[in-house]
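Residue numbers (this note's numbering), protein chains in the order written: chain S, 4 to 285; chain U, 945 to 1152.
Don't be surprised by glycine CBs; every beta carbon is placed ideally from N, CA and C.
It should be emphasised that the depicted structure is a prediction, and the values quoted were computed from it without experimental measurement.
Encoded as structure tokens, the structure appears first; notes follow it.
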Amino acid sequence: MQSGAGMPVTMSDECRQIDLELDGALSQNASERLTWKMSEPALAHLRKCERCRRLYHWLLDGVAPTHPALELVEAVGTRMKKSLAPVTPQSSPRVLAAHFLLVFLLFSAPMIGMMGTAGLHEMNLTQLVGILTVLICSAGLLSFSLAWQMSPGSLHRVPPRIAVIALATGFLVATAVLFPWQEPQSFLEHGWSCLKAGLLMAAPSSLLFWVLVRRGLTLASGMMGASLGAIAGLVGASVLQFTCNRQDATHLLVWHGGVVIVSLVLGVAISWGVKSLLRPRA
Amino acid sequence: MLQVLAPQSEPSNHMREEEPSWQAHASARPWESELPELMIRYQQGDPEAVDELVRKLSGMLIQFLGAFGLSRADTEDLFQECWIRIHSSRHTYRPPEPVLPWVFAIARHTRLDGYRRRRRQENREVLVASPPDLAGPVNDAPEPDLTEFRRMLESLPESQQEVIFMLKVTGMSLEDVARATSSTVGAIKQKAHRAYEKLRLVLEGERK
Chain S
4 MQSGAGMPVT MSDECRQIDL ELDGALSQNA SERLTWKMSE PALAHLRKCE RCRRLYHWLL
64 DGVAPTHPAL ELVEAVGTRM KKSLAPVTPQ SSPRVLAAHF LLVFLLFSAP MIGMMGTAGL
124 HEMNLTQLVG ILTVLICSAG LLSFSLAWQM SPGSLHRVPP RIAVIALATG FLVATAVLFP
184 WQEPQSFLEH GWSCLKAGLL MAAPSSLLFW VLVRRGLTLA SGMMGASLGA IAGLVGASVL
244 QFTCNRQDAT HLLVWHGGVV IVSLVLGVAI SWGVKSLLRP RA
Chain U
945 MLQVLAPQSE PSNHMREEEP SWQAHASARP WESELPELMI RYQQGDPEAV DELVRKLSGM
1005 LIQFLGAFGL SRADTEDLFQ ECWIRIHSSR HTYRPPEPVL PWVFAIARHT RLDGYRRRRR
1065 QENREVLVAS PPDLAGPVND APEPDLTEFR RMLESLPESQ QEVIFMLKVT GMSLEDVARA
1125 TSSTVGAIKQ KAHRAYEKLR LVLEGERK
């Protein structure tokens, strides 16, 4: 690390301790910080380390407020009041996530009922429990991720990107470990029909998910499209898991996993397309 | 609460005679506790609540939107767009959750969309008829602290600027900042620590 004057500057453990102390203060809200006390060793370090002392003072110093032009503020207020109507607050992320899970289950279960359970009979208990756990956990994670993305200012326990990566990793590992690797026979022919069937199931379910998501599009982004596409694709992949009689790892990874991937990519593309259509023109 | 932190060397312009405390953060928004109630009234369609909210939050919002080297005109455009977004998504606020993370999550999104839009325009437009406005405070009054603050802020990468701005100017907690940036508390701490390292260097350079 080099200082501004080119002199080497080292961050001692004591300096890092100051950063941790600051975490302690900044974990509290502004009014609670007034009663916050720095530890004695940290105070002693501040007395001897000018760099830390300067940083501490800089962080504590107030910043002069900016006042926007009065006409601008009035114009904004007038514009908002023109379309002011009572609204019902959106449900909590937990309730929203439960709605997503419900759609997932209500869509998959009847489909499995209609298309038969050939795949179920091909799996042993370990495979069934393993893949079911991955599918349910992924659906739960994506449901919460979508719910958090719909609610500005909510605390994301798992970032949306991580939720998608967890789904992909879980499916990849579970399939690779639990299912046999066999010589592919009619790989393209069978696989293509599975991919088509999976996407045909994902499409209507994505519409249902869209109906739920549309109220929380404030922070809509490509990631929201990806999450929506992934959960819709997961519906297709889950139904295929129970209805398809080809339960070998290659087929599952390429074609059943392909349903999720294609659906996710379509979700991103559609969300960007819609966003660019709605974008204000210069 | 005042902590005794008398500097051993010559006091610089950062070392005021009066030792600073977190008072500046608390006094930046004494009305914070009123915000959830105002938001409820706003959701119920009370026009007075609209005026109150716009009056209380506009300063912080325009400071945030203009803190990243934008021209005055661009800042004002973003400011209006931000309030339109807040208005159209007022149903997504859930009382009694903290209001500032909700507002700043929308403001941040508005700023990022504005940034992407400008980038696209810049890629299309090579020649300009007149030089753009210089980034500066939105009103005409001189604000020396803000200029110094902006200079310090600009020494940081953009993602760290955002975190430091929210922690220092709005007085939000680490969790509130994580909420506003759709991130985790751990990630915010990491960004803040990296920013502290960089700020130490800048402050050190300034002293020399």
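With a threshold of 6 Å on Cβ separation, who are the neighbours of residue i within its own chain once the five nearest residues in sequence on each side are excluded?
i: P1086 (chain U); result: Here the model assigns P1086 (chain U) a pLDDT of 44, short of 50, so the residue's position is not dependable and the matter cannot be decided.
i: W184 (chain S); result: A252
i: G270 (chain S); result: G228, A229, L231, G232
i: L138 (chain S); result: S241
i: L979 (chain U); result: V1043
i: P96 (chain S); result: A150, W151, S154, S157
i: F1048 (chain U); result: A1124
Measure the alpha-carbon distance for residue i versus residue j and round it to whole angstroms.
i: L982 (chain U); j: T91 (chain S); result: 15 Å
i: S1033 (chain U); j: R82 (chain S); result: 15 Å
i: I234 (chain S); j: A47 (chain S); result: 54 Å
i: E1098 (chain U); j: Y59 (chain S); result: 18 Å
i: M226 (chain S); j: M204 (chain S); result: 22 Å
i: P187 (chain S); j: D1120 (chain U); result: 52 Å
i: A72 (chain S); j: V994 (chain U); result: 17 Å
i: T120 (chain S); j: A100 (chain S); result: 28 Å
i: S34 (chain S); j: V216 (chain S); result: 36 Å
i: W195 (chain S); j: H254 (chain S); result: 10 Å
i: Q988 (chain U); j: L87 (chain S); result: 9 Å
i: G1149 (chain U); j: R54 (chain S); result: 10 Å
i: L49 (chain S); j: E43 (chain S); result: 10 Å
i: K1133 (chain U); j: L191 (chain S); result: 49 Å
i: D1084 (chain U); j: I1028 (chain U); result: Note that D1084 (chain U) scores 47 on pLDDT, short of 50, meaning its location in the model is unreliable; the coordinates nonetheless yield the value given after this. So the two alpha carbons sit approximately 25 Å from each other.
i: E17 (chain S); j: M153 (chain S); result: 41 Å
i: V66 (chain S); j: Q1024 (chain U); result: 23 Å
i: L128 (chain S); j: Q250 (chain S); result: 13 Å
i: R1060 (chain U); j: R1068 (chain U); result: 13 Å
i: P207 (chain S); j: T136 (chain S); result: 24 Å
i: G1058 (chain U); j: Q1065 (chain U); result: 10 Å
i: T1114 (chain U); j: A142 (chain S); result: 36 Å
i: C52 (chain S); j: G219 (chain S); result: 48 Å
Excluding five sequence neighbours on each side, which residues of the same chain lie with their C-beta closer than 7 Å to the C-beta of residue i?
i: G1080 (chain U); result: Low per-residue confidence applies at G1080 (chain U): pLDDT is 46, beneath 50, and the placement is therefore not dependable, though the value from the model is reported in the following sentence. Contacts found: R1016.
i: C1026 (chain U); result: L1005, L1009, I1050, A1051, T1054
i: L197 (chain S); result: Position check: residue 197 (chain S) holds Cys in this sequence, whereas Leu was assumed. Contacts found: L243, C247, W258, H259.
i: M114 (chain S); result: M204, V242
i: M1096 (chain U); result: L1143, V1146
i: T1128 (chain U); result: A1122
i: R36 (chain S); result: A28
i: G133 (chain S); result: A177, L181
i: L1100 (chain U); result: I1108, A1139, K1142
i: I273 (chain S); result: G228
i: P155 (chain S); result: T221, L222
i: W975 (chain U); result: K1000
i: C140 (chain S); result: G173
Measure the Cβ-Cβ separation of residue i and residue j and say whether it is below 9 Å.
i: W275 (chain S); j: G228 (chain S); result: yes
i: R19 (chain S); j: R1144 (chain U); result: no
i: G239 (chain S); j: V214 (chain S); result: no
i: L1046 (chain U); j: R985 (chain U); result: Going by the sequence as given, residue 1046 (chain U) is Trp instead of Leu. Contact flag unset, no.
i: E1102 (chain U); j: F1012 (chain U); result: yes
i: H1031 (chain U); j: Q93 (chain S); result: no
i: A200 (chain S); j: M126 (chain S); result: no
i: S111 (chain S); j: L202 (chain S); result: no
i: E1041 (chain U); j: S148 (chain S); result: no
i: A1131 (chain U); j: L25 (chain S); result: no
i: G80 (chain S); j: V998 (chain U); result: yes
i: L211 (chain S); j: V106 (chain S); result: yes
i: V76 (chain S); j: S1002 (chain U); result: yes
i: K278 (chain S); j: P991 (chain U); result: no
i: S1117 (chain U); j: H159 (chain S); result: no
i: F245 (chain S); j: L62 (chain S); result: no
i: P68 (chain S); j: Q1007 (chain U); result: yes
i: D1018 (chain U); j: R1063 (chain U); result: no
Got a sec? Which residues, its chain only, sit under 8 Å from residue i by beta carbon, not counting five neighbours each side?
i: L145 (chain S); result: F103, A166, V167, L170, S230, A233, I234, L237
i: W39 (chain S); result: G27, A28, Q31
i: H70 (chain S); result: none
i: Y1037 (chain U); result: M983, Q987, V1043, W1046
i: Q130 (chain S); result: L181, F182, Q250
Under 8 Å from any heavy atom of the ligand FAD, does the C-beta of residue i make it?
i: H259 (chain S); result: Looking for the ligand FAD in the displayed structure turns up nothing, as the structure carries no ligands at all.
Please specify which runs of the alpha helix (DSSP H), each continuous and at least 4 residues long, are wholly inside the region 1033–1077 of chain U, giving them in chain order.
-> Complete alpha helix (DSSP H) runs here, min 4: 1043–1068.
Quick one: complete alpha helix (DSSP H) runs, 4+ long, within the region 143–228 of chain S?
-> Within the region 143–228 of chain S, the complete alpha helix (DSSP H) runs of at least 4 residues are 163–181, 190–216.
4 or more residues per run - each alpha helix (DSSP H) lying fully within the region 94–130 of chain S | 96–118, 121–125
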